[in-house]
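Enquirer: This is the structure I want to talk about, given as structure tokens.
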Amino acid sequence: MAFSLSPEREHQVDEILTRYPERRAALLPVLWLCQRQNGWISPEVVDYVAERLGLSTAIVKGVVTFYTMFFDEPIGENIVWVCRTLSCDLRGGKAIQERLETRLGCSAGHTSSDGKFTLLKAECLAACGQAPMVQINDRYYENLDVGLLDQIIDAHATEGAEAAAAKFATHASFGAPRTGERAPLSSAPPPPSEEAVRLASQPPPTAEPSNASGDES
Ligand code: FES
Numbered sequence: 014m015a016f017s018l019s020p021e022r023e024h025q026v027d028e029i030l031t032r033y034p035e036r037r038a039a040l041l042p043v044l045w046l047c048q049r050q051n052g053w054i055s056p057e058v059v060d061y062v063a064e065r066l067g068l069s070t071a072i073v074k075g076v077v078t079f080y081t082m083f084f085d086e087p088i089g090e091n092i093v094w095v096c097r098t099l100s101c102d103l104r105g106g107k108a109i110q111e112r113l114e115t116r117l118g119c120s121a122g123h124t125s126s127d128g129k130f131t132l133l134k135a136e137c138l139a140a141c142g143q144a145p146m147v148q149i150n151d152r153y154y155e156n157l158d159v160g161l162l163d164q165i166i167d168a169h170a171t172e173g174a175e176a177a178a179a180k181f182a183t184h185a186s187f188g189a190p191r192t193g194e195r196a197p198l199s200s201a202p203p204p205p206s207e208e209a210v211r212l213a214s215q216p217p218p219t220a221e222p223s224n225a226s227g228d229e230s
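In short: position in the sequence shown from 1, add 13, done, that's my numbering.
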């Protein structure tokens, strides 16, 4: 069956197209809108986007397969990205991934048998200071330990993504407002040392007057 966007999203596509001198430049945001509605970029979505933007299906497919945030096969109701880069790894990222694999019953790159979660590994998601962390759908869940992770997964499975985000999300990505209070930190950051406080309270050093002529005599 042919794919079509909702009237509201069609209107958004019209607005996106006004931003670019070439229709091709709108490919990423239009694909994103389609994935938001359909869950993944099906062959029907590829056909729709190609026709809407006047492109070949080969170009659309090439972009979909290049970017990891586009899915060319069906995925779970929730997408869990577990960060496995250095900062998260040093703070227990491996244990977080292993717990997710046990809880969801699938390894990274796969979907749980109930279709509720797709688990994916991610490179640094730019929240290193709050490691270890995962992204679930559009939200960040930071300063994790296994117990907190279990609560977050339980909340997604039983209460839904929005309710879980309202309880536990630390940041909403894509510019969306935060929907809940910050989850309690599993370990508070250490206070600054006395030396750091002393250095921070000192006035900045004054620059030596420069010798404009460079004449040292
Ligand atoms: S290393 Fe995980 S967010 Fe940067």
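Glycine included, each C-beta is placed from N, C-alpha and C at the ideal position.
Anything with a beta carbon under 7 Å from a heavy atom of ligand 1 counts; list them all in chain order.
Expert: Cys96, Thr98, Leu99, Ser100, Cys101, Gly106, Cys137, Leu138, Ala139, Ala140, Cys141, Ala144, Pro145, Met146
Enquirer: Determine which residues share a DSSP beta bridge with isoleucine 149 and list them.
Expert: As a first step, residue 149 must be located in the sequence shown, where it is residue number 136. Partner(s): Val93, Arg152.
Enquirer: Check this for me: beta carbons of valine 77 and phenylalanine 130, under 8 Å apart or not?
Expert: Indexing the sequence shown from 1 puts residue 77 at position 64. Indexing the sequence shown from 1 puts residue 130 at position 117. For valine 77 and phenylalanine 130, no; Cβs fall outside 8 Å.
Enquirer: For glycine 227, count neighbouring C-beta atoms within 10 Å of its own C-beta (all shown protein chains included) and say buried if the count is 16 or more, exposed if not.
Expert: By one-based count along the sequence shown, residue 227 stands at place 214. Low local confidence applies: a pLDDT of 48 at glycine 227 is under 50, so the model's placement there is unreliable, with the coordinate-based value given in what follows. By the 10 Å Cβ count, glycine 227 comes out exposed.
Enquirer: One question on the structure: do glycine 89 and serine 55 come within less than 8 Å of each other, judged by their Cβ atoms?
Expert: Taking the first residue of the sequence shown as 1, we reach residue 89 at position 76. Taking the first residue of the sequence shown as 1, we reach residue 55 at position 42. No, the Cβ-Cβ distance between glycine 89 and serine 55 is not below 8 Å.
Enquirer: Are the beta-carbon atoms of asparagine 156 and alanine 174 separated by less than 8 Å?
Expert: Counting from 1 along the sequence shown, the entry for residue 156 is found at position 143. Counting from 1 along the sequence shown, the entry for residue 174 is found at position 161. Contact flag unset, no.
Enquirer: Quick check on DSSP: helix, strand or coil for alanine 140?
Expert: Numbered from its first residue, the sequence shown carries residue 140 at position 127. Alanine 140: coil per DSSP, three-state reduction.
Enquirer: Alpha carbon to alpha carbon, how far is glutamine 110 from leucine 138?
Expert: Walking along the sequence shown from the start, residue 110 turns up at place 97. Walking along the sequence shown from the start, residue 138 turns up at place 125. Between glutamine 110 and leucine 138, the C-alpha separation is close to 15 Å.
Enquirer: Please list the segments of the alpha helix (DSSP H) lying wholly inside the stretch 18-80, counting only runs of 4 or more residues, in order along the chain.
Expert: At a cut-off of 4 residues, the continuous stretches assigned as alpha helix (DSSP H) that sit fully inside the stretch 18-80 are 20-30, 40-51, 56-66, 70-79.
Enquirer: Since lysine 134 is in the beta strand (DSSP E), which residue starts that stretch and which ends it?
Expert: In the sequence shown, counting from the first residue as 1, residue 134 sits at position 121. Residues 130-135.
Enquirer: Closest to cysteine 47 by C-alpha separation, out of Ala71, Arg32, Pro20, would be which residue?
Expert: The residue you call residue 47 lines up with position 34 of the sequence shown. For the residues Ala71, Arg32, Pro20, the minimum Cα distance to cysteine 47 belongs to Pro20.
Enquirer: Could you give the C-beta distance for aspartate 163 and arginine 104, rounded to a whole number, given that I count them as a contact under 8 Å?
Expert: If you number the sequence shown from 1, residue 163 lands on position 150. If you number the sequence shown from 1, residue 104 lands on position 91. So it is not a contact: roughly 17 Å between Cβ atoms.
Enquirer: Using 8 Å as the threshold, is the C-beta distance between leucine 18 and glutamine 50 below it?
Expert: Reading the sequence shown from its first residue, position 5 is the one you call residue 18. Reading the sequence shown from its first residue, position 37 is the one you call residue 50. Closer than 8 Å, so yes.
Enquirer: Who are threonine 9's beta bridge partners in DSSP?
Expert: Because the chain in this structure spans residues 14 to 230, residue 9 falls outside the shown range and cannot be described.
Enquirer: Taking the beta carbon of phenylalanine 79 as the centre, do at least 16 other beta carbons fall within 10 Å, making it buried, or is it exposed?
Expert: As a position in the sequence shown, residue 79 is number 66, starting the count at 1. Exposed.
Enquirer: Quick check on DSSP: helix, strand or coil for alanine 15?
Expert: Position 2 of the sequence shown, counting from 1, holds the residue named residue 15. Three-state result, alanine 15: coil.
Enquirer: Which partner residues does alanine 176 have in the DSSP bridge list?
Expert: In the sequence shown, counting from the first residue as 1, residue 176 sits at position 163. Beta-bridge pairing links alanine 176 to no other residue.
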